[in-house]
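To keep things clear, I will list the structure first and then write my remarks on it.
Number of protein chains: 4
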Amino acid sequence: MSQNASRLPGRHFLQIPGPTPVPDRVLRAIDMPLIDQRGPEFAKLGKRVLEAIKTIFKTTQPVIIYTATGTGAWEAALVNTLSPGDRVLMVNTGQFAALWKTMADRLGLRAEVIATDWRVGADPAAIADHLRKDKAREIKAVCVLHNETSTGCLSPIGEIRKAIDAAGHPALFMVDTISSLASTDYRHDEWGIDVSIGGAQKGLMLPPGMSFNAVSAKALHASKTAKLPRSFLSWDDMLTMNKQGFFPYTPATQMLYGLDTSIAMLHEEGLDNVFARHHRLAEATRRAVRAWGLEILCRDPKYYSPTITAALLPEGHDADAFRSLALATFNISYGASFGPYAKRYFRIGHLGDINDATLIGALGATEMALALAGVPHKKGGVQAAMDYIASAQSGAAVRAAAE
Amino acid sequence: MSQNASRLPGRHFLQIPGPTPVPDRVLRAIDMPLIDQRGPEFAKLGKRVLEAIKTIFKTTQPVIIYTATGTGAWEAALVNTLSPGDRVLMVNTGQFAALWKTMADRLGLRAEVIATDWRVGADPAAIADHLRKDKAREIKAVCVLHNETSTGCLSPIGEIRKAIDAAGHPALFMVDTISSLASTDYRHDEWGIDVSIGGAQKGLMLPPGMSFNAVSAKALHASKTAKLPRSFLSWDDMLTMNKQGFFPYTPATQMLYGLDTSIAMLHEEGLDNVFARHHRLAEATRRAVRAWGLEILCRDPKYYSPTITAALLPEGHDADAFRSLALATFNISYGASFGPYAKRYFRIGHLGDINDATLIGALGATEMALALAGVPHKKGGVQAAMDYIASAQSGAAVRAAAE
Amino acid sequence: MSQNASRLPGRHFLQIPGPTPVPDRVLRAIDMPLIDQRGPEFAKLGKRVLEAIKTIFKTTQPVIIYTATGTGAWEAALVNTLSPGDRVLMVNTGQFAALWKTMADRLGLRAEVIATDWRVGADPAAIADHLRKDKAREIKAVCVLHNETSTGCLSPIGEIRKAIDAAGHPALFMVDTISSLASTDYRHDEWGIDVSIGGAQKGLMLPPGMSFNAVSAKALHASKTAKLPRSFLSWDDMLTMNKQGFFPYTPATQMLYGLDTSIAMLHEEGLDNVFARHHRLAEATRRAVRAWGLEILCRDPKYYSPTITAALLPEGHDADAFRSLALATFNISYGASFGPYAKRYFRIGHLGDINDATLIGALGATEMALALAGVPHKKGGVQAAMDYIASAQSGAAVRAAAE
Amino acid sequence: MSQNASRLPGRHFLQIPGPTPVPDRVLRAIDMPLIDQRGPEFAKLGKRVLEAIKTIFKTTQPVIIYTATGTGAWEAALVNTLSPGDRVLMVNTGQFAALWKTMADRLGLRAEVIATDWRVGADPAAIADHLRKDKAREIKAVCVLHNETSTGCLSPIGEIRKAIDAAGHPALFMVDTISSLASTDYRHDEWGIDVSIGGAQKGLMLPPGMSFNAVSAKALHASKTAKLPRSFLSWDDMLTMNKQGFFPYTPATQMLYGLDTSIAMLHEEGLDNVFARHHRLAEATRRAVRAWGLEILCRDPKYYSPTITAALLPEGHDADAFRSLALATFNISYGASFGPYAKRYFRIGHLGDINDATLIGALGATEMALALAGVPHKKGGVQAAMDYIASAQSGAAVRAAAE
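Written out as structure tokens, the structure is:
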């Protein structure tokens with residue numbers, strides 16, 4: 220045990236954009252002995268979580284639970300619905316969009332990509348334009364990330380849906396909601412998503428090792444004729460066995476214990492309260508970054524992410540060196556930078572089971588580390604964040620005082 | 220929490236052939252907060268477990284760790300090494316062999332199958348015969364389960380290696396060691412295995428959610444030209460990132476904590492002691508089954524499994540009903556029956572972190588449940604098991620007394 | 220961690236007569252972060268457990284919760300109600316009765332003792348006789364152990380109450396229910412107990428570190444004038460603070476989390492079912508001991524303990540050596556022997572969170588260890604236990620089959 | 220479980236001056252199954268922790284471990300060394316000193332008290348003066364708190380030792396180090412303490428339920444003739460059994476697991492580093508309080524506590540209402556106020572397993588809560604704390620960068 224333990228005293232501030240801090244209650248639910256994955260107790264658990272997870276995606280359609288990380292669920296979305304050589308439309312919003320595109324290539328799909336400068340989300344109009352040019356309706360799927368984890372830019376999924384509809388294009392709409400699910404509003408059914416890809420280790424507050432496909436009737440229909448080879452990730456066996464609360468292959472039972480608990484916690488807090496908390500923490504973080512005089516990577520407020528803020532360091536300052544210093548000095552982890560901006564920014568995750576005081580602690584460590592690293596900046600970031608939070612929480616305080 | 224908890228008092232006897240009981244020490248190692256999967260502490264952990272797992276497969280070659288259950292690792296073995304339409308030779312030793320064959324079909328391979336009556340392991344001579352007929356050397360892989368989990372029959376992998384060599388056939392040799400690894404001797408390098416498929420939730424005493432491919436140089440070479448589409452399960456990205464102790468996709472960090480601990484426990488006990496313990500428990504179980512007058516499904520002692528014993532009930536007695544009664548009355552779970560023998564047998568798992576007293580408790584519950592279920596049988600099964608164990612442990616007792 | 224871990228594989232069989240195996244659900248409840256012991260969340264917890272514990276003692280009067288083991292609660296009973304030089308009547312049923320007597324001496328009380336041969340419980344008639352001779356009514360308290368943990372003899376508390384009443388004696392009646400509470404019927408109010416002393420680590424299935432005084436109005440009244448010095452163990456501060464759900468000194472919050480859970484588990488099973496289970500396991504154990512040809516220390520069936528059975532080894536066989544061999548060979552712990560019978564018997568605890576299969580495992584280990592230790596005995600103990608349990612459980616099995 | 224869980228999201232900031240946050244590693248060490256408290260594995264554990272705890276008190280003399288909270292250890296110090304009617308000298312530094320005095324009264328001792336205004340520590344000169352007047356050398360013990368938990372004032376124990384010596388007085392010197400041990404330097408042997416009283420739930424980072432007496436030869440000698448009745452808390456039985464690594468009464472085994480781990484963690488960090496961390500956090504906290512324009516209760520810097528800072532609110536502002544608002548709004552707990560200053564101050568605990576970022580989070584929550592509660596204050600407290608920490612940590616950052 221001791222060999223895994225951090226040598227730094229006190230609690231680690233895990234401000235990477237996922238995996239997020241797992242609440243003790245979830246950890247303890249996971250830390251329970253196994254049960255027979257074919258027995259009656261499991262059947263109850265299986266049925267319960269397969270229903271409960273739908274409330275998180277806001278869907279009444281099936282949600283498939285994979286023992287795999289998000290990358291597996293990306294692949295599941297593609298291989299269950301598409302055939303070799305199919306054209307798919309993707310938007311290169313950042314590193315994870317680029318990785319999904321690489322996956323499509325490797326699977327033998329023909330991905331066409333709408334470029335961005337990695338500092339905005341996906342533009343509905345650009346998607347509509349692209350689709351309108353596809354007179355033959357050959358494009359089989361539009362693939363977008365709701366929240367681009369690598370840049371902190373959120374794409375307007377509801378508007379993209381409208382844009383696809385406006386273009387009158389029949390392509391399937393696949394959305395990666397890995398780093399937005401259970402942190403900001405997401406509406407699988409209302410937005411007409413065909414495959415939503417989710418993961419456990421972000422807003423769901425679980426350890427990594429579980430991922431999801433929420434699936435529309437249209438996607439299921441497509442799967443009947445899709446020709447990409449698949450077996451482990453096939454929807455059909457899953458859907459058949461799930462009816463009894465079971466899984467075709469040995470499931471990660473303990474992750475299901477954890478999922479059962481984390482969904483209960485989200486509903487105890489109330490999804491709308493969860494979303495409001497994330498938006499408050501995000502705005503506080505952005506105010507801190509601006510007060511420091513640093514630039515936010517996402518350059519248009521309409522794309523601001525509620526879960527991740529990437530801050531650019533001034534030219535000549537290595538963000539990786541900054542992260543190392545902050546880790547060694549203040550026991551805090553941030554996300555790394557990618558692609559054209561490698562070593563130029565660090566990402567502050569403000570999602571999952573965190574609260575105002577934890578964020579202030581994280582921003583405080585950041586402000587102190589900026590000073591120690593000799594990064595040019597102004598003081599006052601933490602102050603700006605506190606001012607905003609105090610203002611936003613004044614209603615809660617009034618209620619608390621009245622109780 | 221309470222909704223996951225068994226309503227029966229005392230410890231559940233999880234005698235399914237995996238997942239096996241997770242030791243408290245492993246559960247507590249897993250129940251630790253996450254760390255940054257790109258940080259320096261993780262790198263140390265990653266390097267340590269990637270080396271340590273090799274000792275379990277008895278290999279010096281790479282072992283790839285998947286966040287997926289064994290089915291994913293089966294698929295990984297096939298898609299990384301084969302191309303659409305490739306011929307593969309399989310031996311239908313039971314339900315899991317049949318499932319692997321179905322997977323091969325779904326992936327577009329042409330599987331040819333050596334049949335058995337599900338009551339023996341794979342016959343080296345039959346494999347050699349089959350390969351000798353393949354004059355064109357078109358068969359690309361021979362796929363065998365070391366231990367067929369569904370029947371409790373062990374196949375002689377070392378001998379099959381010799382048979383392939385004797386046939387002078389160049390096919391890759393792929394072996395599923397999921398329910399034998401870390402429970403009985405397994406020698407990836409010495410036996411010339413090209414891809415060994417392992418899982419976490421059996422002899423490794425971990426929860427499900429992690430699986431392995433141990434890979435030979437020949438298999439790696441084959442992967443360079445293999446044309447089955449793959450991305451999530453690709454070896455190449457894994458091998459590249461693993462050099463630094465990292466993974467290309469978010470790994471299940473907590474499972475790695477657990478793996479680190481479970482491998483340490485296996486070496487503290489000593490692998491040879493672990494194997495001897497499993498063989499003692501297996502023989503004790505078989506003696507109990509015979510004393511009850513029940514038939515062991517595996518009909519030839521040379522194929523007896525060291526980890527699982529399947530016992531046939533007399534005609535007219537439903538093994539599923541027996542299992543339900545035993546569960547409700549004595550808080551014990553067994554494995555189910557499959558295929559031509561569905562409802563005719565139950566499987567007693569005697570693998571993982573169990574000891575003599577636990578086995579006697581399990582066999583005692585079984586003998587009492589046979590009585591309560593009205594299954595014709597003779598008393599004396601537990602007595603036979605105790606007599607064997609006492610005899611086998613007399614050396615240990617002498618040593619204990621001398622200390 | 221590893222330095223605490225047992226080096227023997229599999230689950231330890233903790234068959235000492237307490238501490239008993241702590242259920243995973245209780246361990247996980249304890250393994251939670253602390254809360255402010257003066258805050259509103261604690262107040263709710265405190266009020267809840269202070270009420271709930273009353274249901275276990277079957278009382279509507281106050282129960283005081285100490286952060287101390289049973290010895291502290293023994294002292295609390297004496298110092299809160301008695302004055303220096305007070306006469307108390309005790310019955311020397313075994314080692315723990317003797318220790319309580321020693322405590323009384325050290326505290327300056329004058330203990331008079333009714334002797335036994337340590338192979339029976341307390342005799343109501345002897346107590347009545349003794350009290351009748353106390354014409355001056357100087358004896359202030361009668362102190363009896365419900366279950367003498369060191370011998371496995373149960374005293375008839377209800378009958379002793381009647382005997383005291385028949386003698387017309389006003390002495391306080393103090394009963395140690397440490398190793399009987401929550402395992403067999405105990406009725407603080409109905410039996411007119413003045414101070415019941417309980418502990419956490421037996422039938423309540425908690426780790427050691429918490430103990431109880433259930434207190435009658437008569438005892439409270441006595442405490443107003445009792446002159447033994449006391450502070451840490453004083454009832455008065457406790458009762459005052461408990462009204463708000465708080466404690467005068469920092470409580471062991473995590474033990475209260477555990478108590479909250481263990482009481483819930485007892486009621487989920489149903490106290491009467493808990494008692495029936497203990498009586499079944501006790502009778503099965505005694506049948507095993509008799510079948511082995513060993514003598515049960517408790518020589519009169521009317522005093523048989525439902526929680527502990529002490530088995531005498533034949534002359535010339537050292538019970539401590541037997542226990543060491545069983546521990547080293549089969550990973551099982553028994554209780555030691557005391558006083559005139561030191562090294563002559565071992566005690567099998569069959570209380571707390573154990574079930575039929577666990578008991579059979581424990582008895583199986585015992586039967587095998589007897590063989591390995593060369594202790595003269597007959598085989599068939601486990602068989603006798605199984606026969607009894609199967610018979611006793613036939614009704615449960617019928618219900619299970621009907622579901 | 221859910222009924223114990225906080226309803227507020229994110230981690231609770233437990234800034235009470237103990238119990239302190241229990242590190243996950245300690246919680247997991249505690250969360251392990253019990254072992255036989257009379258078996259060989261326990262003996263090793265017992266011997267190990269009984270030796271290890273001496274390094275924390277900086278003593279080579281015996282340390283007695285009680286299953287009781289600090290109040291029990293206070294009582295143990297008195298009843299083991301003193302006789303009814305003995306005179307003892309105490310210094311009323313605050314609420315806990317007052318409680319210890321009340322205990323002395325209840326035990327029949329004659330306590331004479333040096334008063335303070337609760338805003339300073341104990342004055343060595345006043346103690347020496349008092350002792351010099353005791354020509355008959357009747358005062359048997361001088362009892363002082365190293366750190367007065369209720370006020371945040373530290374007393375100079377080394378100087379008090381010198382003062383007693385200068386007065387040539389033979390009284391025993393008893394020191395409560397409950398809220399200073401393992402957080403700031405404490406030297407049982409070098410300072411000539413006769414009985415040091417420690418607790419688990421502060422610098423030792425354990426849950427409450429364990430306390431300590433470190434005992435000098437002089438104190439042991441006094442115990443031979445001390446006449447206060449005692450049994451549960453007697454040193455003699457403890458010392459006898461401890462030689463074998465055992466305890467006379469059932470110990471709280473799981474707390475010993477935790478102690479084993481927490482002492483290891485303290486030495487891994489290095490005691491001097493632990494002390495420096497506490498001093499840094501304390502100074503940062505005081506700078507924040509001053510920047511807010513609030514008054515620190517401890518009015519003389521030479522008595523500043525390294526573990527607790529009490530901040531007075533302006534007249535007319537209720538500190539309890541402030542604490543309630545902060546708890547409900549920001550999930551943070553502070554210590555309450557006492558005696559003449561009841562409802563006038565709140566106490567910030569900055570001890571145990573906390574680090575710079577956690578303190579900044581706590582101070583940030585405090586600054587925001589002051590605003591929301593309408594308490595007149597200046598902004599800039601967090602900024603002042605950050606400035607100090609960044610300055611104090613610059614050396615660490617340089618080292619981190621060089622690695």
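Residue numbers (this note's numbering), protein chains in the order written: chain A, 220 to 622; chain B, 220 to 622; chain C, 220 to 622; chain D, 220 to 622. Here a beta-carbon is modelled for each residue, glycine too, at the ideal position from N, C-alpha and C.
The alpha helix (DSSP H) enclosing residue i, as first and last residue numbers
i: Q602/B; result: G600 to A611
i: R542/C; result: A538 to F549
i: N574/D; result: Element bounds for N574/D: n/a, residue is neither H nor E.
Beta-bridge pairing of residue i - partner residues as DSSP gives them
i: L425/B; result: Answer is none; L425/B lacks a bridge partner.
i: D395/C; result: L364/C and I416/C
Segment limits, beta strand (DSSP E) that includes residue i
i: R329/D; result: R329 to A334
i: F494/D; result: Run containing F494/D: none in the beta strand (DSSP E); it sits in the alpha helix (DSSP H), L490 to A510.
i: T528/D; result: I527 to L531
Partner residues on chain A for residue i, Cβ-Cβ distance less than 8 Å
i: M393/C; result: Those do not exist, as M393/C stays about 39 Å from chain A at its closest Cβ, beyond 8 Å.
Member of the options whose CA lies at the smallest distance from the CA of residue i
i: S613/C; options: R618/B, A590/B and S613/B; result: A590/B
i: F261/D; options: P228/D, Y476/D, L227/D and T403/D; result: Y476/D
i: I283/B; options: T444/B, K462/B and V245/B; result: K462/B
i: G237/B; options: D243/B, E367/B and L326/B; result: E367/B
i: Y522/B; options: T480/B, R226/B and W337/B; result: W337/B
i: I379/A; options: T403/A, E409/A, K354/A and L485/A; result: E409/A
i: P252/B; options: L253/D, R244/D, P252/D and D250/D; result: R244/D
i: L328/D; options: P343/D, N299/D and A355/D; result: N299/D
Partner residues on chain C for residue i, Cβ-Cβ distance less than 7 Å
i: Q420/D; result: T469
Contacts that residue i makes with chain B (C-beta to C-beta distance below 7 Å)
i: D250/D; result: R247
Cβ-based neighbour list, residue i, same chain, cut-off 7 Å, excluding 5 preceding and 5 following
i: T469/B; result: Q256
i: S610/C; result: none
Cβ-based neighbour list, residue i, same chain, cut-off 6 Å, excluding 5 preceding and 5 following
i: L400/B; result: G417 and G422
i: A287/C; result: S430
i: G558/A; result: Q314
i: A224/A; result: A caution first: A224/A carries a pLDDT of 40, below 50, which makes its placement in the model unreliable, though a value can still be read off. Same-chain partners within the cutoff: there are none.
Partner residues on chain B for residue i, Cβ-Cβ distance less than 9 Å
i: D572/C; result: P228, G229 and R230
Within chain D, partners of residue i - CB distance below 7 Å
i: Q473/C; result: P426
i: D243/B; result: M251 and P252
Proximal residues to residue i (C-beta, below 8 Å), its chain only, five neighbours per side dropped
i: E534/A; result: none
i: A507/C; result: L582, T585, E586, G600, V601, A603 and A604
i: G291/B; result: Y285, S430 and L452
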